[in-house]
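Notes for the one structure printed next.
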Amino acid sequence: MLREALLYSLTMCFLIMIFAIIKSEPGRIQSSLLSFATVLVYFLSSIFIIKFQGSSSFSFMILAQFSYIIKLLFTALLLIVVFKFFGNQLDRQWYGISTILIASAWLAGEIRGFFRIRFILDSN
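Per the working numbering, residue 9 is the first one in the sequence shown, and the count goes up by one each step.
Given below as structure tokens:
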């Protein structure tokens, strides 16, 4: 699941950066670079789940739910810090759009990876 999510989100990061370079408006490239930190937050929380998952499916589900809370919390904290210190240098609308697109791509990758694993497990 992690590989699919990382692939989808990095592809979206690449597309966003290309579009930001083509449009080349002030603050857009910096906003794109800072939105890539979302991928880092999601990746680290997924590594946390993999490292601490137990043998029971119940503990895995609790950790999965906890990781979604952590992802949202870290993303919110990142937004607060970024706009407090870099707010006048960024294109806020572009930052929000690119962060939402990257998060959506990550979620789509996780869902696709989950369904792929589920189909493999169901066929056995």
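Every residue gets a Cβ at the ideal spot worked out from N, C-alpha and C, and that includes glycine.
Fair warning: this is a prediction, and the values are worked out from it, not measured in the lab.
{"Item": "Roughly how many angstroms lie between the CA atoms of Phe-56 and Ser-75, to the nearest whole one?", "Value": "8 Å"}
{"Item": "Please name the residue in Ile-119, Ala-116, Ala-111 and Leu-23 whose C-alpha comes closest to that of Ala-45.", "Value": "Ala-111"}
{"Item": "By Cβ distance, which residues of its chain are closer than 8 Å to Leu-109, with the 5 residues on each side in sequence left out?", "Value": "Met-20 and Ile-24"}
{"Item": "Looking only at its chain, what residues have a beta carbon closer than 8 Å to the beta carbon of Val-47, apart from the 5 residues adjacent to it on each side?", "Value": "Leu-14, Ser-17, Leu-18, Cys-21, Ile-110 and Trp-114"}
{"Item": "Taking buried to mean at least 16 other C-beta atoms within 10 Å of its own C-beta, is Ser-32 buried or exposed?", "Value": "exposed"}
{"Item": "What residues in its chain sit with their C-beta under 6 Å from that of Ser-53, if we drop five residues either side in the sequence?", "Value": "Ser-75, Ile-78 and Lys-79"}
{"Item": "Within the continuous alpha helix (DSSP H) that includes Gln-38, where are the two ends?", "Value": "36-43"}
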